[in-house]
Structures are given as C-alpha cells and as structure tokens.
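Down below is the structure, laid out as structure tokens.
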Amino acid sequence: MADISTLWEVGLPLATTAGGLGYAKARAPRVFWSLIGLPVTRVRFAVNYHATMDVCGLTVQPSRLRAFMVRNVARRSEVQPVPPKVRRVRGTSTGMRVTLRLPAGLEPADVMAASERLRHAWGVHSVHVVETKPGFVELRMTGYDVLRRVRMPRSRRRLSGPMAVPVALREDGSAFVRDYMKVPHALTLGANQSGKSMYQRNLIAQLARLDVALVGIDCKRGVEQRGYAPRLSGFATTPEEASGLLDALVGEMEDRFDLLSFAGVADIWALPETARPVPVVVLVDEVAELFLVAGKKDEERRDRMVMQMIRLGQMARAAGIYLEVCGQRFGSDLGRGATTLRAQLTGRVVHRVNDKQTADMGLGDIAPDAVVAVTSIPPDRPGVAVAGDTSGGWTRIRTPELSAAEVADICAQHADLTPDLPALAAYRPALPDGIDLDVVGSDPLFKPAPATS
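The opening position of the sequence shown corresponds to residue 2 in my numbering, with each subsequent residue numbered one higher.
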C-alpha cells in the first residue's frame, strides 16, 4: 500500500504537469515556448553551434596569424575552421535572436542558403536571416508557427516616421509595418475570402489614428468603405464620382507643387510643420471596377481615370499623397495603362489567388521566387499573404482578425481628426441630418456586415 501511495503522490503531479504542458503547447504556444522551448533551444544552440556551422559549410580557414597563435601559443597541432562569432543571444516570446559577426570569406547569402538546415539542427520552426549592417547578420528564429494564431507583439520598436503603421505579423514574429515614407504606393491582391479586406481594415484602423486625410474610392456602391465615412475627407462610390475625385486629387497635388516650388523644397516633409499640408492616403477598393466600360462612351472616362492615377503614382509622393490600390487581379488584361500604373505601386501584398498568373502580376516583376510562396497559401488560412517590395525581399505575413464594425467604431472615435480639404469638399461624405458623430460607431446603420473578400 505504501508503494502505491508513493507512486500516486509522485505520478499525479507528473501527469498533471505533462498535461498542462501539452495543453500550453497547443493552446498557449507562447507560454510553452517561454517555459520549455527557449531554455532547450539555448542549450542545444550552445552545445552544437560549432559543429552545426561546420556541417553547414559556414566556417572558413583561420588567418595565418590565428593559425600561428594556435600552433605556437596554444600548442595545438590541428587548426580548426572558424565559424561566425556569436555577438549576442536574446530570447523573445516567440523565438530567439542571434547576432553573428561574419568572418572574412562569408557573406549573408551563405547563411541564408543554410537557413533550412539550421532550422532542423536547432529544432525550431523557422530561421530567418537578416543583414543588420556590413559584416553582421541576425538569425531570427521562431519556436512555433506564429501565423497560426496572430497576436501582434506588445512591445514594438519605435516606428521610423510619422507615416508608419503596423498592420500585420511577419512570420519571424515581428510586426509588418506599412511605411509610406519608404514605400509611398502599394498594390494589394487576393481572391475572394483570402483576407484582402481584413488587411485593408487593419490598415484603415491604424491610419485613422494619425493626422492624415483618408480618401476612399469604392465603386461597389461603397459596401466596403461606407462605415468609415466619418473619417473620410473624400469618398466616391461610382466610376463617375471616382473620375471627379481623381481630378480633384490631381488638382490638390498641383497646388502643393506650387507651394513646394515657392518654398524651394523637394517634398512636404521639408516644410515647417505649421506650413505643411496634411498627408493624404487614397484607398482604392477593387480597382478593376475603374477599368470596366459598358460602351464607347465610357472609354474616355476610363482612360482619364487611369491617366490621373498614373500621374498620382509618378509624382504625388513629394506632395504627400499616397496610393493604396486593392483588387483581385491587376495586369494588362484590365486594359490600357494598367501595367504602367502597376509599375508605380512599389509595395506589394498578395494573398491567396486563384491562378499563378495573378501571383505573377503582383510579385513576378519584383520578387520572382515569392510567386511559389503565394501559390502555396492554403484556403483555410485567410489573412496569410506574401509581402514584397522593389528591394527584392519578401516575407509571409498575416493580419489579425478585425471586423468592419470595429473599424467603423475606430473611425467614428477619431472623426475629429478628419481634415477639411477644400479641393475635396464636393466629395466629403455627408452624414444624415441629426446624426451625432459621437454615436455613429454604435449605430447599426454604419456597421456593414463583414466583407467576403
């Protein structure tokens, strides 16, 4: 009886602990990683680092001076190859960061090529290699699939500028930041129910909190953007309205160029804050609707809209006007001027698509190797996308869930930040008489149902 009692007293806590860890691994991976995964990985990394680097071909022969010191000072006959020097090891809630100093003869591309082998050697979910400065790389390891259940990091590094907003989670556990100062115009593609609208909602929710003017073009009669009306300085719901609104935006751009010329500066950010025009972000939903024509009489309007968008894409950055274009497909098959416009949209976010050609449209011209990653996005993971830019780099991202009603509430709460732009006054969305902006967010009339795309 005593043996059974002792076994029960020891076995029950062990079983409870094992069950708790199993539950944490499945339901609370951050907790499991912090308690078990990170300590195990740090030990494994410390023990087999040199052997792993040697097997992966990431070592070089030491210099003559080092070899001389080993043979004559350390009195060792065999001189070992030299791996990258570990400068820093830091654990995070999602993985581990390791800073390496590369020896002469190695380059970041060598480490990147071995990232899959490093992942298996250290038993982590993924290893991403980022060059931090010449001669240094950072291994960003993730202990589990952070995109399975998106949770934006709490502690974020200070954003790089006044037009930078976090909108998604990168697969290395860091925030994906949409920075308009670095990438002024962007294109977002995705099939129905791919999470394209979720990305737009997160973007609008973040921009609504900034001192910027938001302009919406939603030719699906405003079903996507109508709930954001309190925060919009201009809004178009038909191709006819969109044509006039684009003309007004080009006029605003030209007025700002006159101001820049008079002040002798290159862009609005060089102006004193008191004289600086408010930045404008133009959100175009389902851009294909602007290219469609029902007959000959619509072609002239279509051509003018495309020309005005191309002008904005080519020149509006200096004037503080930025384009966010969204659609299911975007290429030469839409019509004249589509390819020229796409070339101006340097930022690319591509969700799951229905065919490889669409993935090529979005990423084939800037990051060809990312096309395969797009076509492998499963349909049961909406919100997963591949983001790239003209640097040739790309990463998988996923946006957190956010309903249209929640975004409408945010827009209503920050309606006081909506600037009045005289050039866009005719397109400022009007609320029904008697509607108080303070209660717009709680009125079901301004809470559209979640979109399907």
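Where a beta carbon is used, it is the ideal one built from N, C-alpha and C, also for glycine.
Residue 138 and residue 130: beta carbons closer than 8 angstroms?
Taking the sequence shown and counting its residues from 1, one reaches residue 138 at position 137. Taking the sequence shown and counting its residues from 1, one reaches residue 130 at position 129. For residue 138 and residue 130, yes; Cβs fall inside 8 angstroms.
Looking at residue 397: is its Cβ nearer than 8 angstroms to the Cβ of residue 188?
Your numbering for residue 397 matches position 396 in the sequence shown. Your numbering for residue 188 matches position 187 in the sequence shown. No, the Cβ-Cβ distance between residue 397 and residue 188 is not below 8 angstroms.
Can you list, in chain order, the residues of its chain with a C-beta nearer than 6 angstroms to that of residue 253? Leave out the 5 residues immediately preceding and following it.
Numbered from its first residue, the sequence shown carries residue 253 at position 252. 424, listed in sequence order.
Do you know how far the Cα of residue 119 is from the Cα of residue 36?
Numbered from its first residue, the sequence shown carries residue 36 at position 35. Numbered from its first residue, the sequence shown carries residue 119 at position 118. A direct Cα-to-Cα measurement between residue 36 and residue 119 gives close to 22 angstroms.
Can you say whether residue 121 is buried or exposed, counting buried as having 16 or more other CB atoms within 10 angstroms of its CB?
On the sequence shown, position 120 is the one that residue 121 refers to. Classification of residue 121: exposed, given that the 10 Å Cβ count is below 16.
In terms of residues, what are the limits of the alpha helix (DSSP H) holding residue 202?
As a working note, residue 202 is residue 201 in the sequence shown. Start and end: 197-208.
So what does DSSP say about residue 97, is it helix, strand or coil?
As a working mapping, residue 97 is identified with position 96 in the sequence shown. DSSP places residue 97 in strand when its eight states are reduced to three.
Could you compute how far the alpha carbon of residue 229 sits from the alpha carbon of residue 402?
For the purposes of this step, residue 229 is taken as residue 228 along the sequence shown, with counting starting at 1. For the purposes of this step, residue 402 is taken as residue 401 along the sequence shown, with counting starting at 1. Cα to Cα, the separation comes out at about 17 angstroms.
At what residue ranges does the region 297-343 contain a whole run of the beta strand (DSSP E), taking only runs of 3 or more?
The region 297-343 contains these whole beta strand (DSSP E) runs: 322-328.
Do residue 215 and residue 204 have their C-beta atoms closer together than 8 angstroms?
Walking along the sequence shown from the start, residue 215 turns up at place 214. Walking along the sequence shown from the start, residue 204 turns up at place 203. In this structure, residue 215 keeps its C-beta atom at 8 angstroms or more from the C-beta atom of residue 204.
DSSP three-state label for residue 175, please.
On the sequence shown, residue 175 is found 174 positions in, with the first residue counted as 1. In the structure shown, residue 175 falls within a coil segment according to DSSP collapsed to helix, strand and coil.
Euclidean distance between Cα positions of residue 323 and residue 181:
The residue you call residue 323 lines up with position 322 of the sequence shown. The residue you call residue 181 lines up with position 180 of the sequence shown. Near 7 angstroms, if we compare the C-alpha coordinates of residue 181 and residue 323.
Element boundaries [alpha helix (DSSP H), containing residue 142]:
Taking the first residue of the sequence shown as 1, we reach residue 142 at position 141. Boundaries for residue 142: no alpha helix (DSSP H) harbours it, while the beta strand (DSSP E) harbouring it runs 137-143, taken from the DSSP string.
What residue does the beta strand (DSSP E) around residue 218 start on, and which one ends it?
As a working mapping, residue 218 is identified with position 217 in the sequence shown. For residue 218, the enclosing beta strand (DSSP E) starts and ends at 214-219.
Take the Cβ of residue 358 as the centre, count every other Cβ of all protein chains shown within 10 Å, and call the residue buried at 16 or more, exposed below.
What you label residue 358 is simply residue 357 of the sequence shown in a count that begins at 1. Its Cβ having fewer than 16 others within 10 Å, residue 358 is exposed.
Answer yes or no: do residue 195 and residue 225 have a C-beta to C-beta separation smaller than 8 angstroms?
To locate residue 195, count along the sequence shown from 1; it is residue 194. To locate residue 225, count along the sequence shown from 1; it is residue 224. Going by C-beta atoms, residue 195 is not nearer than 8 angstroms to residue 225.
Bridge partners - residue 263, DSSP secondary structure assignment
The count along the sequence shown starts at 1 and reaches residue 263 at position 262. Residue pairing by DSSP places residue 263 in no beta bridge whatsoever.
Could you give the residue range of the alpha helix (DSSP H) that holds residue 34?
Numbered from 1 along the sequence shown, position 33 holds the residue referred to as residue 34. Note, residue 34: premise wrong, no alpha helix (DSSP H); not H, not E.
Spatial distance of residue 1 from residue 352 (CA atoms)
Nothing about residue 1 can be reported from this structure: the residues present for the chain run from 2 to 454 only.
Which first and last residues belong to the beta strand (DSSP E) in which residue 406 is found?
Indexing the sequence shown from 1 puts residue 406 at position 405. Per DSSP, residue 406 lies in no beta strand (DSSP E); the unbroken alpha helix (DSSP H) holding it starts and ends at 405-414.
Could you check if residue 251 is buried or exposed, using at least 16 other CB atoms within 10 Å of its CB as the buried criterion?
The sequence position of residue 251 within the sequence shown is 250, counting from 1. Its Cβ being crowded by 16 or more others within 10 Å, residue 251 is buried.
Could you tell me the boundaries of the alpha helix (DSSP H) in which residue 376 lies?
As a position in the sequence shown, residue 376 is number 375, starting the count at 1. Its alpha helix (DSSP H) spans residues 371-376.
Taking C-beta to C-beta, are residue 30 and residue 145 nearer than 8 angstroms?
Taking the first residue of the sequence shown as 1, we reach residue 30 at position 29. Taking the first residue of the sequence shown as 1, we reach residue 145 at position 144. It is a contact, given that the beta carbons lie within the stated cut-off.
Opening and closing residue of the beta strand (DSSP E) in which residue 111 lies
Residue mapping note: residue 111 aligns to position 110 of the sequence shown, counting from 1. Going by DSSP, residue 111 is part of no beta strand (DSSP E) but of the alpha helix (DSSP H) stretching over 109-114.
Just the Cα atoms here: how many angstroms apart are residue 379 and residue 190?
One-based indexing of the sequence shown puts residue 379 at position 378. One-based indexing of the sequence shown puts residue 190 at position 189. Distance between the alpha carbons of residue 379 and residue 190: 16 angstroms.
Would you mind stating whether residue 273 and residue 257 have Cβ atoms separated by less than 8 angstroms?
Within the sequence shown, residue 273 is the residue found at index 272, counting from 1. Within the sequence shown, residue 257 is the residue found at index 256, counting from 1. For residue 273 and residue 257, no; Cβs fall outside 8 angstroms.
Own chain partners of residue 24 with C-beta closer than 6 angstroms, once the 5 adjacent residues on each side are dropped:
Mapped onto the sequence shown, residue 24 falls at position 23. Because residue 24 carries a pLDDT of 49, less than 50, the predicted location of this residue cannot be relied on, and the following value inherits that uncertainty. Listed in chain order, the non-local C-beta contacts of residue 24 below 6 angstroms within the same chain number zero, local neighbours out to five positions each way being set aside.
What is the residue span of the alpha helix (DSSP H) that residue 346 lies within?
On the sequence shown, position 345 is the one that residue 346 refers to. No alpha helix (DSSP H) contains residue 346, which DSSP labels as neither H nor E.
Roughly how many angstroms lie between the CA atoms of residue 222 and residue 327, to the nearest whole one?
Translated into the one-based positions of the sequence shown, residue 222 becomes position 221. Translated into the one-based positions of the sequence shown, residue 327 becomes position 326. One C-alpha to the other measures close to 16 angstroms.
With three or more C-beta pairs closer than 8 angstroms as the rule, is the region 166-176 touching the region 302-313?
Counting Cβ pairs under 8 angstroms, fewer than three are found: no touch.
On the CB-based measure, 16 or more other CB atoms within 10 Å of its CB, does residue 325 come out buried or exposed?
Here residue 325 refers to the residue found at position 324 of the sequence shown. Burial call: buried.
Whole angstroms is fine: what's the gap from residue 176's alpha carbon to residue 152's?
Here residue 176 refers to the residue found at position 175 when the sequence shown is read from its first residue. Here residue 152 refers to the residue found at position 151 when the sequence shown is read from its first residue. Rounded to whole angstroms, residue 176 and residue 152 show a C-alpha spacing of 10 angstroms.
Is it the case that the Cβ atoms of residue 308 and residue 338 are separated by a distance below 8 angstroms?
Reading the sequence shown from its first residue, position 307 is the one you call residue 308. Reading the sequence shown from its first residue, position 337 is the one you call residue 338. Yes; because the gap between Cβ atoms is below 8 angstroms, this pair is in contact.
Look up residue 169 in the DSSP assignment and say whether it is helix, strand or coil.
The sequence position of residue 169 within the sequence shown is 168, counting from 1. Strand.
Where residue 287 falls: helix, strand or coil (DSSP)
Looking up residue 287 in the sequence shown gives position 286. Assignment of residue 287 by DSSP, reduced to helix, strand and coil, places it in the coil class.
According to DSSP, simplified to helix, strand and coil, what is residue 52?
Mapped onto the sequence shown, residue 52 falls at position 51. Residue 52: helix per DSSP, three-state reduction.
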